[in-house]
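Asker: Can you keep this structure in mind? I'll have questions shortly.
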Amino acid sequence: MSIDGYLDDAERERLLLSNEADFDRVDAVRSGCDAILVGAATIRQDNPRLLVRSAERRAARVAHGKSASPVKVTVTGRCNIDPSAHFFTVGDVDKLVYCTSSSYDSALQRLGKVATIVDGGDPVDLHRVTADLAARGVRRLMVEGGGTMHTQFLTAGLADELQLVVAPFFVGDSRAPRFVGDGNFPWGPDRRATLAEVRQIGDVVLLRYALSDRFHPG
Ligand SMILES: NC(=O)c1ccc[n+]([C@@H]2O[C@H](COP(=O)([O-])OP(=O)(O)OC[C@H]3O[C@@H](n4cnc5c(N)ncnc54)[C@H](OP(=O)(O)O)[C@@H]3O)[C@@H](O)[C@H]2O)c1
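Heads up: the sequence shown begins at 2 in my numbering, then just goes up one per residue.
Written as structure tokens, this is what we have:
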């Protein structure tokens with residue numbers, strides 16, 4: 002996020018906040034996960050590929066009997082996602098779409114050929130999503146945004162770790178999406194989160210917070 006807590010600016014083009022060294026660190030974190038989740042708005046806005054970039058890391062995953070990149074996961078109510086988005090078309094990995102019960106039929110029709118569609122409740126219940134992912138063998142899930150997803154995972158107490166990277170500039174435009182929205186977060190003045198690590202990576206800083214006893218410092 003920017004110094005003032007934004008994940009993007011208000012323009013159509015994706016705003017790059019991290020530097021190359023941090024993008025590579027994120028790639029390493031990705032390669033250590035079983036699945037990566039983004040909200041539907043991030044697919045529409047950024048069209049991310051969500052693959053492990055490094056050939057060495059992909060080869061190491063395959064050598065351990067895994068897919069070259071983690072499973073891709075998204076959540077949607079409106080199902081207004083383009084089936085030709087990179088999320089669906091690149092990478093030989095499973096793609097999972099958790100949609101609301103009421104949109105299940107339209108999701109199946111629109112995206113059923115390019116992804117596995119799962120009824121996630123109305124609205125999609127993230128406890129249900131994580132339980133279903135666990136049943137599919139996902140032990141480590143990386144939530145890569147956007148703010149709506151961060152807010153729900155954090156307020157539901159479902160995140161074991163928060164990795165926050167602060168880029169050295171301001172966005173200064175309240176039309177832009179924030180790192181999180183309003184919500185009842187388990188960490189407040191009376192229950193402070195545990196800061197587990199601070200790491201400078203060139204001109205950005207990584208803050209790691211341990212949010213549950215499942216946090217692993219490695
Ligand atoms: N800086 C970064 O690291 C980073 C990372 C990722 C994203 N971003 C930025 O974040 C912005 C997008 O963030 P955002 O907060 O607007 O959106 P988001 O979190 O990416 O996606 C929100 C959408 O997800 C679906 N959704 C979320 N929770 C749901 C639930 N419980 N039930 C049903 N559907 C649910 C809805 O999709 P439908 O509208 O389809 O119903 C909702 O509109 C973009 O500008 C992107 O560039 C930045």
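Note that beta-carbon positions come from the ideal geometry of N, C-alpha and C, so glycine has one too.
Who pairs with K223 in a beta bridge, going by DSSP?
Answerer: Lying outside 2 to 219, the shown extent of the chain, residue 223 is not represented and no answer is given.
Asker: Where A42 and G147 are concerned, what is the direct C-alpha to C-alpha distance, given to the nearest angstrom?
Answerer: 7 Å
Asker: Terminal residues of the continuous beta strand (DSSP E) containing D120?
Answerer: Where D120 is concerned, the enclosing beta strand (DSSP E) stretches over T117 to D120.
Asker: Return the chain-ordered list of same chain residues with a C-beta closer than 6 Å to the C-beta of A160, the five sequence neighbours on each side being excluded.
Answerer: F154 and L212
Asker: Using only Cβ atoms and a threshold of 6 Å, which residues come within that distance of a heavy atom of ligand 1? Order them by chain position.
Answerer: L8, D9, R15, L18, V39, G40, A41, A42, T43, Q46, D47, V76, T77, G78, R79, N81, T101, P124, V125, E145, G146, G147, G148, T149, M150, Q153 and P178
Asker: Is S70 buried or exposed, if buried means 16 or more other CB atoms sit within 10 Å of its CB?
Answerer: buried
Asker: Please report the straight-line C-alpha distance between R176 and A168, rounded to a whole angstrom.
Answerer: 19 Å
Asker: Express the C-alpha separation of Q110 and R50 in angstroms, rounding to a whole number.
Answerer: 23 Å
Asker: M2 bridges to which residues according to DSSP?
Answerer: The partner list for M2 (beta bridge, DSSP) is empty, contrary to what the question assumes.
Asker: If I measure Cβ to Cβ from R79 and keep anything under 8 Å in the same chain, skipping five residues before and after, which residues do I get?
Answerer: A41 and S104, listed in sequence order.
Asker: DSSP state of E162, grouped into three classes?
Answerer: strand
Asker: With a threshold of 16 other CB atoms inside 10 Å of the CB of T77, please say whether the residue is buried or exposed.
Answerer: Its Cβ being crowded by 16 or more others within 10 Å, T77 is buried.
Asker: Going by other Cβ atoms of all chains shown within 10 Å of its Cβ, with 16 needed for buried, is H65 buried or exposed?
Answerer: exposed
Asker: Under a three-way DSSP split, which group does A22 fall into?
Answerer: It is helical.
Asker: Can you tell me whether DSSP reads E57 as helix, strand or coil?
Answerer: helix
Asker: Could you say which of E57, T156 and D10 lies nearest to H128 if we only look at CA atoms?
Answerer: Of the candidates E57, T156 and D10, the one whose C-alpha sits nearest the C-alpha of H128 is T156.
Asker: Tell me which residues share the same chain as D28 and place their Cβ nearer than 8 Å to its Cβ, disregarding the 5 neighbours each side in the sequence.
Answerer: V53, R54, S55 and R58
Asker: List the endpoints of the continuous alpha helix (DSSP H) containing A136.
Answerer: L127 to A136
Asker: Hey, quick one: how far does the alpha helix (DSSP H) through Y105 stretch, first residue to last?
Answerer: Y105 to L112
Asker: Comparing alpha-carbon positions, which option in P178, P190 and M143 lies nearest L163?
Answerer: Check the Cα spacing between L163 and each of P178, P190 and M143: the tightest is with M143.
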